[in-house]
Amino acid sequence: MESQSQPEFDRENLNEDVVNMRTLWVNELNAPEILPYNEEMVTEMLEQIRNQQEYVDSVYEDRAQLTEEKSFVNKLYQMEIDRLRYTVSSYLRTRLRKIEKFAVHILSDAALTQRLSLKERNFAQQFVMLFESHVNELALNKFADDYRSLTAEGMVTEPNLDSFVFCEGKEGAEAVQVDEKGGDFVQMHPADRYVLRYRSIKSQVESGQIELI
484 MESQSQPEFD RENLNEDVVN MRTLWVNELN APEILPYNEE MVTEMLEQIR
534 NQQEYVDSVY EDRAQLTEEK SFVNKLYQME IDRLRYTVSS YLRTRLRKIE
584 KFAVHILSDA ALTQRLSLKE RNFAQQFVML FESHVNELAL NKFADDYRSL
634 TAEGMVTEPN LDSFVFCEGK EGAEAVQVDE KGGDFVQMHP ADRYVLRYRS
684 IKSQVESGQI ELI
């Protein structure tokens, strides 16, 4: 008989969070630009991981009730928790790499800056300040005044929004304009997969009507 003090492994809620977190992660991995930070989802996922880890730990601590079968199942739970930790960590690391690469571009646009969490914003500001100081000492102070700023034309690294991405239509996906003149459209269908320019689907990726794969 299980100890009444043990928390339960909430598989139903965890599975739902896994699907949502994986979508968030895969979108971030494949989008050329940084996407809006989903603080609610990340916080919920971390809370779920903590709760499930407490359950797994409590099972191992209850030696009297630890059967071979329960130990095996517990190891499967631990593998699932480790996989979730990796997903969250990879999501956050991917965002940090984009911030380092496009920090000046992001901070120069208020809408893009709002996509960052508070910690990410602070990181981006510190990164730009240190990078600018380093580059000034290394080279910029030797350039003409017009080229001493990191924000000078041609010096800011920007994401290529016209790069091609693999994507999948979801329920409610609308037709996508695939040419600059607006005469060529692709009707997105649920579960169908496409290769399109990111720029043409970016708004639907953010709304959840299209997922990157």
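Sequential numbering from 484 applies to the sequence shown in this note's numbering. Note that the Cβ used here is the ideal one computed from N, Cα and C, for glycine as well. Because the structure is a prediction, the values reported are computed rather than measured.
Return helix, strand or coil for residue i, following the three-state DSSP convention.
i: residue 670; result: coil
i: residue 520; result: coil
i: residue 525; result: helix
i: residue 599; result: coil
i: residue 696; result: coil
i: residue 583; result: helix
i: residue 651; result: strand
i: residue 618; result: helix
i: residue 659; result: strand
i: residue 594; result: helix
i: residue 501; result: helix
i: residue 534; result: helix
i: residue 641; result: coil
i: residue 549; result: coil
i: residue 560; result: helix
i: residue 664; result: coil
i: residue 685; result: helix
i: residue 487; result: With a pLDDT of 45 at residue 487, under the threshold of 50, the modelled position of that residue is not reliable, and no figure is offered here.
Compute the beta-carbon to beta-carbon distance between residue i and residue j, rounded to the nearest angstrom, for a pair I have assumed lies under 8 Å.
i: residue 676; j: residue 696; result: 7 Å
i: residue 511; j: residue 578; result: 6 Å
i: residue 542; j: residue 557; result: 5 Å
i: residue 647; j: residue 611; result: Not a contact, Cβ separation roughly 30 Å.
i: residue 598; j: residue 645; result: The Cβ separation is near 20 Å, so there is no contact.
i: residue 659; j: residue 668; result: 6 Å
i: residue 673; j: residue 515; result: The Cβ separation is near 24 Å, so there is no contact.
i: residue 590; j: residue 608; result: 7 Å
i: residue 539; j: residue 517; result: Contact flag wrong, Cβ pair sits at about 34 Å.
i: residue 614; j: residue 582; result: At roughly 11 Å, the Cβ-Cβ gap does not stay under 8 Å, so residue 614 and residue 582 are not in contact.
Which residues does DSSP pair with residue i in a beta bridge?
i: residue 507; result: DSSP output for residue 507 lists no bridge partner at all.
i: residue 679; result: 648
i: residue 609; result: Its beta-bridge partners do not exist; DSSP assigns none.
* Is there contact here, the region 524-536 with the region 644-661, by at least three beta-carbon pairs under 8 Å? -> no
* Contact between the region 599-611 and the region 536-550 (3+ Cβ pairs under 8 Å) -> no
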